[in-house]
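Enquirer:
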Amino acid sequence: MKILNIILLISYIIFFNNALAEEQDKKNKITKNLRCLICQGQSIYDSDSEFANSLKILVDKKIEEGLTDDQIYQYFKDKYGDWILYDPGLNKNTYILWLLPLLLFLVGGAIIYKNFIAKK
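Just so we're aligned: the sequence shown equals residues 48 to 167 in this note's numbering.
Below, the structure written as structure tokens:
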């Protein structure tokens with residue numbers, strides 16, 4: 048009976064540690080994608096400002112409430128605007144951010160083609 052209790056205890060500890068690790072990974076992923084509005088060059092994961100620390104606590108609370116990543120991001124977008132996200136989705140305010148690299152690539156390719164390949 049003692050061996051069974053020990054096995055159950057070890058299983059519980061392993062399960063509990065895995066659950067904590069998954070929750071911590073989720074928190075880290077979310078906080079790395081949220082911009083600190085005080086530091087502006089750092090995510091709240093990297094920042095130690097009072098604002099960042101309060102957002103980390105808020106992210107913990109939202110995770111405990113059972114919200115998904117997208118729901119948490121939406122909460123912060125509603126409260127602080129799209130700028131708080133390092134990886135904003137495609138919408139009317141951010142389409143230029145998503146299309147500009149493609150446009151620059153095409154223009155650069157056209158210039159290279161015109162100057163080097165078409166001259167031959």
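All residues carry an ideal CB built from backbone N, CA and C; glycine is no exception.
Just confirm the distance between the C-beta atoms of Y133 and N80, as a whole number of angstroms; I'd bet it's less than 8 angstroms.
Expert: Translated into positions along the sequence shown, residue 133 becomes position 86. Translated into positions along the sequence shown, residue 80 becomes position 33. Between N80 and Y133 the Cβ distance is about 5 angstroms, and since that is below 8 angstroms, they are a contact.
Enquirer: Looking only at C-alpha atoms, which of A99, F152 and K73 sits nearest to G113?
Expert: Within the sequence shown, the letter at position 66 stands for residue 113. From the listed residues A99, F152 and K73, the smallest Cα separation to G113 is found for K73.
Enquirer: To the nearest angstrom, how far is it from the Cα of M93 to the Cα of Q87?
Expert: The residue labelled residue 93 in the question sits at position 46 within the sequence shown. The residue labelled residue 87 in the question sits at position 40 within the sequence shown. What sits at residue 93 in the sequence shown is Asp, not Met. Answer to the nearest angstrom: the Cα atoms are 11 angstroms apart.
Enquirer: Just the C-alpha distance for M48 and S58, rounded to the nearest angstrom, thanks.
Expert: Position 1 of the sequence shown, counting from 1, holds the residue named residue 48. Position 11 of the sequence shown, counting from 1, holds the residue named residue 58. When rounded, the distance between both Cα atoms is 15 angstroms.
Enquirer: Is I131 near F123, with beta carbons less than 8 angstroms apart?
Expert: Translated into the one-based positions of the sequence shown, residue 131 becomes position 84. Translated into the one-based positions of the sequence shown, residue 123 becomes position 76. Their beta carbons are under 8 angstroms apart, which means I131 touches F123 by this criterion.
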